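For reference, the structure is listed below as structure tokens.
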Amino acid sequence: MRFNLSEWALRHRSLVVYAMLVLALAGTLSYLNLGRSEDPAFTFKVMVIQTRWPGATAEEVSRQVTERIEKKLMETGEYEFIRSYSRPGESQVIFAARDSMRSAEIGPLWYQVRKKVGDLRPLLPADVIGPFFNDEFGDTFGNIYALTGEGFDYAVLKDYAERVQLALQDVPDVGKIELFGVQDEKIWVELSNTKLATLGGLL
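Here's what the structure looks like:
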């Protein structure tokens, strides 16, 4: 005689209800204790290589810069696609790594990309500026703080901000800290017209 699960469950309803309640309670507790991250880590698998060539036409940029970089990037074999844009005086190449690549493999790939393009640099026109690499699209900002101080000048505020930056860098799980709104330092030299006239007479 074959075992009939439905028949057994109907004859042992109290046991089945008890098992369902235990499983529901265990599932609820497991869900409440499930690890969660406010800003989950993820890897953005795209790098932009930008090169500037002041005074060059779009055709010159395409032929002597963009195409050479594209061919060099194809040697990696680890790309989903490579797209490029050539404008007067500017080249931009977008390199997307394969979707199947794991996060741990992206770092070594970016190293290879930088190395191959760096090896190509002596073959580019002498007055080319770059190439510049940008692979930090995945950066997220969890908190933004404003530092103010009445009666303090910007130089002192910047000094305090840099101290806070160093202190926060030691906090666990902090990845990157950037300062925004920092003003460029300037030196003002003021002389009276009389002094200027005296100096002018001595020259």
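Residue numbers (the numbering used here): 98 to 300.
In this text, a Cβ means the ideal position worked out from N, Cα and C, and glycines have one as well.
These numbers come from a predicted model, not from an experiment.
Quiz item: Under a three-way DSSP split, which group does LEU217 fall into?
Solution: helix
| said: Would GLU175 and ARG149 be called neighbours here (beta carbons separated by less than 8 Å)? | reply: no
- [ ] Tell me whether LEU300 is buried or exposed, calling it buried when 16 or more other Cβ atoms sit within 10 Å of its Cβ.
- [x] Caution applies to LEU300, whose pLDDT of 46 falls short of 50 and renders its modelled position unreliable; the value that the coordinates give is listed next. That one is exposed.
**Request:** Assign ASP281 to one of three DSSP states: helix, strand, or coil.
**Result:** coil
message: I'd like to confirm the pairing. Which residues does DSSP put opposite GLU187 in its beta bridges?
response: ARG149, ARG184
State the Cα-Cα distance for the pair PRO185 and LEU220, rounded to the nearest angstrom. 20 Å
Handout entry: Sheet register partners of PHE230 (DSSP bridge)
Key = ILE146
Q) Would you say ARG260 and PHE230 are within 8 Å of each other, going by their C-beta atoms? A) no
Determine the DSSP secondary structure at ALA177, reduced to helix, strand or coil. Note that residue 177 corresponds to Glu in the displayed sequence, not to Ala. In this structure, GLU177 counts as strand in the three-state DSSP scheme.
(Q) For a test of the three-state rule: what should DSSP assign to ALA193, helix, strand or coil? (A) strand
Which value, in whole angstroms, describes the spacing of the CA atoms of LEU181 and GLN161?
-> According to the sequence shown, residue 181 is Ser rather than Leu. Computed Cα separation, rounded: 13 Å.
| query | What's the gap between the Cα of LYS255 and the Cα of ASP270? | reply | 24 Å
If contacts are defined as beta-carbon pairs under 8 Å, then ILE166 and ILE191 qualify, I think. What distance do you get, rounded to the angstrom? About 11 Å; that fails the 8 Å criterion.
For this session: Please state whether DSSP places ASN240 in a helix, a strand or coil.
Result: coil
For ILE203 and LEU112, what's the separation of their Cα atoms in angstroms? 52 Å
ask   = Three-state secondary structure (DSSP) at LEU296?
value = helix
Do ALA201 and SER183 have their beta-carbon atoms positioned less than 8 Å apart in this structure?
no
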